[in-house]
Amino acid sequence: MCVCVCAPPTPHPTPHPPPPHTNFSWPSPRAECVAVCFGVCLPTRQEERIMKKTVEDCSLEFLIRRSRDVELPPLASLSCKHFKQHHWRDAFDDEQAALREHLWAVKTQLDAIPAETYTATRNKLFPLAVGGEQRNFSNRAGHKLLESMESTGVWMELSKLLRGKSMKRPRDFAFADVCGGPGAFSQALFQASRKQGWRHLHGYGMTLAGVSGLDWYNHLLKSPQFTCTYGLDGTGDIFKLSNIDCLASITVAAPLLLVVADGGFHVEFSVANYQETISSRIMYGQWLAALKLLRKGGCFVLKLFDTFSPLSRAVLYLSCFMYRRVHVAKPRHSRVVNSERYLVCIDFLGYPSEAWSRYLDCFYEIGFVDNEHVPELIPPEWCLRDTVFMADVREMNSTVATNQVVALQMILDAAPAMMEALKSKEIDTKQAAELDNSCEAPSGEGEDSA
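For what it's worth, the numbering used here labels the leading residue of the sequence shown as 3, then goes sequentially.
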């Protein structure tokens with residue numbers, strides 16, 4: 003798909019509309035038109051300087067569909083004993099490789115910028131995502147969850163489920179917060195439920211035990227509306243299928259209509275480009291947990307990073323067969339400079355067959371031999387031959403990555419001036435301190451002057 007990102011010829015005073023899902027500020031009108039063709043060609047440095055694109059934090063939402071005439075993927079035909087393995091560095095394929103590598107190249111240029119300069123520049127250019135309002139939530143994660151749910155229609159779907167045929171008081175319902183410590187998602191859901199008039203919401207949560215900063219907020223632990231578990235072995239480790247099954251057994255009688263998952267871990271800056279594949283195991287574990295926890299008609303929200311790898315693609319594709327509607331959302335409080343986005347699945351249909359359930363469990367237990375390798379969930383060609391699905395995924399990846407490249411380039415362009423400003427501020431602070439010291443009375447004088 004070719005996206006035009008330049009101004010129209012000079013004779014036309016009004017620019018044509020910007021590409022969908024973008025928030026570009028048009029540069030000065032010029033005669034020639036420069037196009038960015040993803041997967042075909044990429045702009046040169048000179049073209050990027052000429053275009054001077056800008057972008058800002060805003061909510062984006064993409065519908066991910068499958069072709070209706072494609073047969074159900076035959077998971078029962080796949081072996082549960084042997085899975086192709088790829089090291090996380092090699093767990094990508096050629097699909098949209100040019101776009102991915104261009105994004106990585108721009109990210110790599112940030113290595114030369116000091117962390118303090120990068121943060122100050124980013125926060126000045128994109129102030130919306132710095133913190134958000136803190137009146138209701140302890141951090142930005144709660145805002146991102148609610149924005150993702152709002153843009154994709156989750157609240158409307160839950161309202162229909164809860165009211166059913168009756169217009170009287172909504173029925174009780176429950177949610178599960180997987181890998182959610184310290185609880186920003188749960189905190190946001192309880193706050194939002196009060197606004198929705200759902201006074202009988204109950205939450206269930208599982209997170210790692212004994213990890214500083216990850217255990218639940220005290221007010222959640224003390225709340226009668228929240229039940230936490232650390233799984234069968236007491237660790238809360240989602241890498242163990244038995245812990246997921248333990249959470250499922252605890253919630254088996256609950257009207258569980260929503261699962262949210264915010265799991266992730268710190269990735270060293272030197273390998274930040276591989277965050278998607280390094281996080282493959284925890285991403286899949288949370289996705290599998292939702293399949294085990296949700297009731298029919300329920301909704302699921304999962305934090306993702308990039309969606310270039312075959313495993314990410316396979317998870318999106320299989321989701322299209324188990325939910326009535328699948329979206330990817332980029333909420334406005336999720337910084338445009340990063341790759342974070344949210345998978346939002348609406349109206350859970352259940353497993354197509356028992357064979358699917360067995361295979362997906364087996365893949366998790368046997369496929370992930372360690373944290374260094376990414377197994378192959380389904381043959382990549384199953385996704386690639388579905389033209390409807392691939393068109394939606396390519397559009398989503400292209401739009402999010404394009405905005406990210408523009409935002410990163412804005413930081414690269416503004417960083418030198420910010421570095422000088424920080425140096426000047428540091429010099430001024432140092433000179434002021436020296437002046438204060440020179441004005442102090444010599445030791446022993448001026449004491450007890452009163």
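Don't be surprised by glycine CBs; every beta carbon is placed ideally from N, CA and C.
Can you grab the Cα-Cα spacing for the pair residue i / residue j, in whole Å?
{"i": "P312", "j": "E378", "result": "8 Å"}
{"i": "A190", "j": "S426", "result": "41 Å"}
{"i": "A250", "j": "L295", "result": "5 Å"}
{"i": "E103", "j": "D113", "result": "16 Å"}
{"i": "L148", "j": "M412", "result": "28 Å"}
{"i": "P418", "j": "I115", "result": "9 Å"}
{"i": "S188", "j": "D247", "result": "21 Å"}
{"i": "Y286", "j": "E374", "result": "14 Å"}
{"i": "C322", "j": "F365", "result": "19 Å"}
{"i": "T110", "j": "D59", "result": "22 Å"}
{"i": "L258", "j": "F192", "result": "15 Å"}
{"i": "L80", "j": "S359", "result": "13 Å"}
{"i": "Y219", "j": "L203", "result": "18 Å"}
{"i": "F391", "j": "F370", "result": "26 Å"}
{"i": "L163", "j": "D92", "result": "43 Å"}
{"i": "C82", "j": "F241", "result": "18 Å"}
{"i": "K55", "j": "V408", "result": "6 Å"}
{"i": "W200", "j": "A194", "result": "9 Å"}
{"i": "E422", "j": "R315", "result": "43 Å"}
{"i": "V72", "j": "L318", "result": "15 Å"}
{"i": "L74", "j": "K86", "result": "22 Å"}
{"i": "S150", "j": "V57", "result": "20 Å"}
{"i": "W106", "j": "R124", "result": "18 Å"}
{"i": "G205", "j": "K146", "result": "19 Å"}
Thinking just about the alpha-carbon of each residue, which of the options is nearest to the one in residue i?
{"i": "S161", "options": "H268, W384, M324, G299", "result": "G299"}
{"i": "F94", "options": "Y276, D394, E118", "result": "Y276"}
{"i": "C464", "options": "K126, Q198, N245", "result": "Outside the shown range of the chain (3 to 452) lies residue 464, about which nothing can therefore be said."}
{"i": "D372", "options": "A417, I284, M420", "result": "I284"}
{"i": "R130", "options": "T119, Y120, R142", "result": "The sequence shown places Leu at residue 130, not Arg. Nearest C-alpha to L130: R142."}
{"i": "L306", "options": "H329, T209, D388, L163", "result": "H329"}
{"i": "L77", "options": "F391, A416, Y361, V261", "result": "Y361"}
{"i": "F271", "options": "A263, I280, D264, G265", "result": "I280"}
{"i": "T309", "options": "K242, S400, L258, E356", "result": "S400"}
{"i": "G238", "options": "T209, G215, L260, W358", "result": "T209"}
{"i": "E338", "options": "S282, A403, S150, R68", "result": "As written in the sequence, residue 338 is Val, which differs from the Glu given in the question. Answer by Cα proximity: A403."}
{"i": "Y344", "options": "F177, E152, S214, L163", "result": "E152"}
{"i": "E63", "options": "S195, T154, R91", "result": "T154"}
{"i": "A176", "options": "D394, E428, V261", "result": "V261"}
{"i": "G233", "options": "H268, D264, A291", "result": "A291"}
{"i": "D394", "options": "D174, L65, R297", "result": "L65"}
{"i": "E356", "options": "H268, A178, M324", "result": "M324"}
{"i": "L243", "options": "P184, D363, R68", "result": "D363"}
{"i": "D264", "options": "W289, R91, L320", "result": "W289"}
{"i": "R196", "options": "A99, D174, R297", "result": "D174"}
{"i": "D235", "options": "L216, A211, T229, G215", "result": "A211"}
{"i": "E397", "options": "G215, E97, A178", "result": "E97"}
{"i": "H268", "options": "A256, T229, G215", "result": "G215"}
{"i": "L101", "options": "I252, H88, N405", "result": "N405"}
{"i": "S341", "options": "H84, D388, E278, L320", "result": "E278"}
May I ask which residues mark the beginning and end of the alpha helix (DSSP H) holding residue i?
{"i": "V108", "result": "99 to 111"}
{"i": "P382", "result": "382 to 386"}
{"i": "Q227", "result": "Here Q227 belongs to no alpha helix (DSSP H), and DSSP marks it neither H nor E."}
{"i": "P312", "result": "312 to 324"}
{"i": "E278", "result": "277 to 280"}
{"i": "A255", "result": "Neither: A255 is in no alpha helix (DSSP H) and is coded neither H nor E."}
{"i": "E118", "result": "117 to 127"}
{"i": "S188", "result": "186 to 198"}
Over what stretch of residues does the beta strand (DSSP E) that includes residue i continue unbroken?
{"i": "L147", "result": "Counting along the chain, L147 falls outside any beta strand (DSSP E), though it belongs to the alpha helix (DSSP H) covering 142 to 154."}
{"i": "I246", "result": "Taken as a continuous stretch (DSSP letters only), I246 belongs to no beta strand (DSSP E), being part of the alpha helix (DSSP H) at 243 to 252."}
{"i": "Y344", "result": "343 to 350"}
{"i": "K305", "result": "301 to 306"}
{"i": "F64", "result": "62 to 65"}
Name the DSSP beta bridge partners of residue i, please?
{"i": "D179", "result": "G207, V262"}
{"i": "P354", "result": "In the DSSP output, where bridge partners are listed per residue, P354 has none listed."}
{"i": "V376", "result": "H88"}
{"i": "K332", "result": "L62"}
{"i": "R327", "result": "I348"}
Does the beta carbon of residue i come closer than 7 Å to any beta carbon on chain D?
{"i": "R334", "result": "Of the protein chains in the structure, only one exists, and it is not chain D."}
State whether the region 326 to 344 contacts the region 367 to 387, with contact taken as three or more CB pairs (one from each stretch) at a distance under 8 Å.
-> With the cut-off at 8 Å, the region 326 to 344 and the region 367 to 387 do not touch.
- the region 150 to 164 in contact with the region 299 to 309 per 3-pair CB rule at 8 Å: yes
*asked:* Measuring CB atoms only, is the region 221 to 239 touching the region 343 to 361, in the sense that at least three cross pairs come out at less than 8 Å?
replied: no
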